[in-house]
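A short worksheet on the structure shown next.
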Amino acid sequence: MIIRSKSGIFKPTVFIVETEPSTVALAIQDPKWFNAMKEKYLALTRNQTWDLVPLPPHRKAIGSKWIFKLKYKPEGTISKHKARLVARGFSQQKGLDYTEIFSPVIKPVL
């Protein structure tokens, strides 16, 4: 059996490790993450993803959360800082906030 070191193949040495921020406060401090957040927000507003409406009485607004992810190239270097804004749908109550549930499922045809 030929091992990698005898073939001249070595794993690259990593000197700096960049991690994904766990909070928005940490993400705002880094220009790369801030730009990723700004790009996503501008895309959401440009595509008219939501409409601002008055909140009905005795109702709570559905919260949101930023999710941060690093995308890598095949050789292991960072290709993109990606930010997503997701709704915290688990706070909804059936019958109060929604009445029906839709799930896109493919039914196989036999």
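According to full-length UniProt numbering, the residues represented by the sequence shown are 1 to 110, in order. Every residue gets a Cβ at the ideal spot worked out from N, C-alpha and C, and that includes glycine.
Collapsing the DSSP output to three states places Ala61 in coil. Considered as a whole, the stretch 23 to 90 harbours 64 to 72 and 78 to 87 as its complete beta strand (DSSP E) runs of no fewer than 3 residues, in chain order. No Cβ-Cβ contact shorter than 8 angstroms links Ala87 with Met37. Residue Gly89 holds the alpha-carbon nearest to the alpha-carbon of Gly63 among Pro21, Leu26, Pro74 and Gly89. For Ala25, the number of other beta carbons within 10 angstroms of its own is below 16, and it is reported as exposed. Rounded to the nearest angstrom, the Cβ distance from Leu70 to Glu20 is 6 angstroms, consistent with a contact under 8 angstroms. In the structure shown, Lys6 adopts helical secondary structure according to DSSP, grouped into three states. Within the same chain, Lys32, Trp33, Ala36 and Leu70 come within 7 angstroms of His81 by CB-CB distance, once the 5 residues on both sides are set aside. For Glu75, the closest C-alpha among the options Lys6, Lys11 and Ser7 is that of Lys11.
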